[in-house]
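A short worksheet on the structure shown next.
Protein chains: 2
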Amino acid sequence: MANAKEKILETALYLFNTQGSRLATTNHIAKACGISPGNLYYHYKNKEEIIRALFVQMGGEWELKIEDVTEVNFALFEEIKQLSHHLTKKYHFIHAELYALCQNDPELTRLNQETITKRKAQTKALLEMLILHEDLVPLGTEEMEFLVDSIWLYAIFWQPYNELVNPERLESVSIASTDILLGKFLVKKDK
Amino acid sequence: MANAKEKILETALYLFNTQGSRLATTNHIAKACGISPGNLYYHYKNKEEIIRALFVQMGGEWELKIEDVTEVNFALFEEIKQLSHHLTKKYHFIHAELYALCQNDPELTRLNQETITKRKAQTKALLEMLILHEDLVPLGTEEMEFLVDSIWLYAIFWQPYNELVNPERLESVSIASTDILLGKFLVKKDK
Chain A
1 MANAKEKILE TALYLFNTQG SRLATTNHIA KACGISPGNL YYHYKNKEEI
51 IRALFVQMGG EWELKIEDVT EVNFALFEEI KQLSHHLTKK YHFIHAELYA
101 LCQNDPELTR LNQETITKRK AQTKALLEML ILHEDLVPLG TEEMEFLVDS
151 IWLYAIFWQP YNELVNPERL ESVSIASTDI LLGKFLVKKD K
Chain B
1 MANAKEKILE TALYLFNTQG SRLATTNHIA KACGISPGNL YYHYKNKEEI
51 IRALFVQMGG EWELKIEDVT EVNFALFEEI KQLSHHLTKK YHFIHAELYA
101 LCQNDPELTR LNQETITKRK AQTKALLEML ILHEDLVPLG TEEMEFLVDS
151 IWLYAIFWQP YNELVNPERL ESVSIASTDI LLGKFLVKKD K
């Protein structure tokens with residue numbers, strides 16, 4: 001049973017990422033899984049439920065990495081950036097279509113707000129630790145809000161933005177995004 | 001004749017902004033205009049053509065302001081920011097749905113790439129003038145690319161991002177977005 005659900009999610013993710021979630025129907029997903037539409041509906045009532053399950057699965061992969069953080073330093077920031085980059089690619093359609101998906105599903109809107117609120121609090125705590133360690137310059141309330149929101153703006157939309165605008169140099173721009181921004185808030189010092 | 005086309009665009013824009021472009025059909029647009037679907041198709045072959053016409057109309061409003069620039073200074077930058085903010089609101093659905101819209105229409109993808117390439121060149125020229133005037137610090141190639149792309153990332157996605165993440169304080173965050181970023185590249189001086 002668990003295997004059937006996993007298979008559906010995996011197949012749906014592939015189809016959503018390659019065709020976009022609008023074109024890939026539950027019938028397509030069932031067919032690609034080699035099961036009947038009825039069998040698929042036994043596991044997931046509709047496409048929205050599949051999309052929410054993928055959203056929650058992505059959140060789980062994030063938490064797995066972030067929850068056992070004991071030491072805050074730039075190496076950790078680097079790891080988080082790599083993870084974020086990895087998840088942006090793996091769950092590509094969620095990022096690229098996030099606005100339209102939420103517009104289409106109030107339950108996903110709620111889930112997304114809950115998740116981002118949590119992530120923003122984690123990010124703020126991380127930045128505050130970096131300030132305590134004098135790695136980052138002290139930030140006023142507005143600057144802190146801006147930096148946290150910017151980090152998540154980049155995390156969610158930098159990849160889709162570049163696909164639209166700079167498709168020819170996608171790989172080269174996708175990692176360095178927040179480095180330059182964050183660099184502007186670094187304490188200048190020799191270590 | 002021109003009036004009928006204008007009326008269709010105006011009505012379509014209102015419906016796309018309030019319901020999203022996926023739900024608002026050409027039949028809805030025709031009905032809201034008080035014309036028959038056949039009459040609408042006489043002017044626009046399909047929804048994609050209406051969306052492209054709105055995209056081009058938005059570009060025209062931008063050019064109108066930017067093309068007669070004779071002097072580059074921060075007051076101009078302020079004006080451009082206000083214009084960008086105004087257009088983001090007026091053509092809200094284009095920004096919020098841009099990725100999905102382009103996914104759905106290769107012709108719009110081409111138009112959008114052409115437009116953003118032009119806008120990025122304008123932005124870069126503006127920033128270079130500000131550097132010449134010693135208002136901005138000199139920028140390396142990578143930093144310049146990053147700043148130009150960031151300005152457009154914010155211009156397109158800051159509003160949709162905040163709708164998703166910070167709906168309760170949308171007005172307060174929408175203007176100040178690039179100020180803090182740009183502030184990081186300012187030459188520190190008393191004038």
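Heads up: the sequence lines are chains A and B, in that order.
At position 44 of the first sequence the residue is numbered 44 (my numbering), and the sequence of numbers has no breaks.
At position 165 of the second sequence the residue is numbered 165 (my numbering), and the sequence of numbers has no breaks.
All C-beta atoms, glycine included, are put in the ideal place defined by N, C-alpha and C.
{"Asked": "Going by the beta-carbon positions, is the gap between B:F185 and B:L147 smaller than 8 Å?", "Found": "yes"}
{"Asked": "Quick one: any contact between the segment 104-124 of chain B and the segment 29-45 of chain B, if contact means 3 or more CB pairs under 8 Å?", "Found": "no"}
{"Asked": "Please identify, using Cβ separations under 9 Å, the residues of the segment 102-118 of chain B that lie next to chain A, in order along the chain.", "Found": "C102, Q103, N104, T109, N112, Q113, I116 and T117"}
{"Asked": "Excluding five sequence neighbours on each side, which residues of the same chain lie with their C-beta closer than 8 Å to the C-beta of A:L139?", "Found": "L127, I131, L147 and F185"}
{"Asked": "In this structure, does DSSP put A:L13 in helix, strand or coil?", "Found": "helix"}
{"Asked": "Taking the alpha-carbon of A:L64 as reference, which of A:S84, A:A75 and A:I151 has the nearest alpha-carbon?", "Found": "A:S84"}
{"Asked": "Cβ atoms of A:Y91 and A:L136: under 8 Å apart, would you say?", "Found": "no"}
{"Asked": "Against chain A, does B:E97 count as a neighbour if the rule is that its beta carbon must be under 8 Å from one of theirs?", "Found": "yes"}
{"Asked": "Verify the contact flag: B:F16, CB atom, against every heavy atom of the ligand GTP, threshold strictly below 7 Å.", "Found": "This structure lacks the ligand GTP, and indeed carries no ligand of any kind."}
{"Asked": "How far does the alpha helix (DSSP H) with B:K45 in it reach, from first residue to last?", "Found": "Per DSSP, B:K45 belongs to no alpha helix (DSSP H) and is neither H nor E."}
{"Asked": "Since A:P138 meets chain B, which of its residues come closer than 9 Å, beta carbon to beta carbon?", "Found": "Chain B residues near A:P138: none, gap ~14 Å exceeds 9 Å."}
{"Asked": "Using a Cβ cut-off of 9 Å, which residues of the segment 30-53 of chain A contact any Cβ in chain B, in chain order?", "Found": "none"}
{"Asked": "Give a yes or no on whether the C-beta atoms belonging to A:V187 and A:E143 are separated by under 8 Å.", "Found": "no"}
{"Asked": "Count the other C-beta atoms from every protein chain shown that fall within 10 angstroms of the C-beta of A:V165, then say buried if there are 16 or more, exposed otherwise.", "Found": "buried"}
{"Asked": "Return the chain-ordered list of same chain residues with a C-beta closer than 6 Å to the C-beta of B:I80, the five sequence neighbours on each side being excluded.", "Found": "none"}
{"Asked": "Quick one: give me the first and last residue of the alpha helix (DSSP H) that A:N193 is part of.", "Found": "Outside the displayed range of chain A (1 to 191) lies residue 193 of chain A, so it cannot be described from this structure."}
{"Asked": "Please list the partners that A:D184 has in chain B, where partner means a Cβ-to-Cβ separation under 7 Å.", "Found": "First, the amino acid is wrong: residue 184 of chain A is Lys here, not Asp. The contacting residues are K184."}
{"Asked": "Considering only C-alpha positions, which residue in the set B:P37, B:A96, B:A30 and B:L87 is nearest to B:G59?", "Found": "B:L87"}
{"Asked": "Starting from A:L136, follow its DSSP beta bridges and name the residues at the other end.", "Found": "A:L186"}
{"Asked": "Would you report the Cα separation of A:N162 and B:A155, rounded to the nearest angstrom?", "Found": "14 Å"}
{"Asked": "Using the C-alpha atoms, what's the distance from B:Q82 back to B:L76?", "Found": "10 Å"}
{"Asked": "I'd like to check one pair, B:L111 with B:L101: are the Cβ atoms closer than 8 Å?", "Found": "no"}
{"Asked": "Assuming B:C33 and B:I51 form a contact by the criterion Cβ under 8 Å, report the distance between their Cβ atoms to the nearest whole angstrom.", "Found": "With a Cβ gap of about 16 Å, B:C33 and B:I51 do not count as contacting."}
{"Asked": "Could you check whether A:W152 and A:I180 sit closer than 8 Å to each other, using their CB atoms as the reference points?", "Found": "no"}
{"Asked": "Please state whether DSSP places A:S36 in a helix, a strand or coil.", "Found": "coil"}
{"Asked": "Do A:P160 and A:H95 have their CB atoms nearer than 8 Å?", "Found": "yes"}
{"Asked": "Which residues bound the alpha helix (DSSP H) around A:E145?", "Found": "T141 to V165"}
{"Asked": "Classify B:S36: buried if its beta carbon has 16 or more other beta carbons within 10 angstroms, exposed otherwise.", "Found": "exposed"}
{"Asked": "Just the C-alpha distance for B:T11 and B:N104, rounded to the nearest angstrom, thanks.", "Found": "21 Å"}
{"Asked": "Starting from the C-beta of B:T26, find all residues in its chain whose C-beta is less than 8 Å away, skip the five residues before and the five after it, and write them out in chain order.", "Found": "P37, L40, Y41, Y44, N46, K47 and I50"}
{"Asked": "Taking CB distances under 8 Å as the criterion, tell me whether A:K191 reaches chain B.", "Found": "For A:K191, the pLDDT reaches just 45, beneath the cut-off of 50, and the residue's location in the model is therefore unreliable, leaving the point undetermined."}
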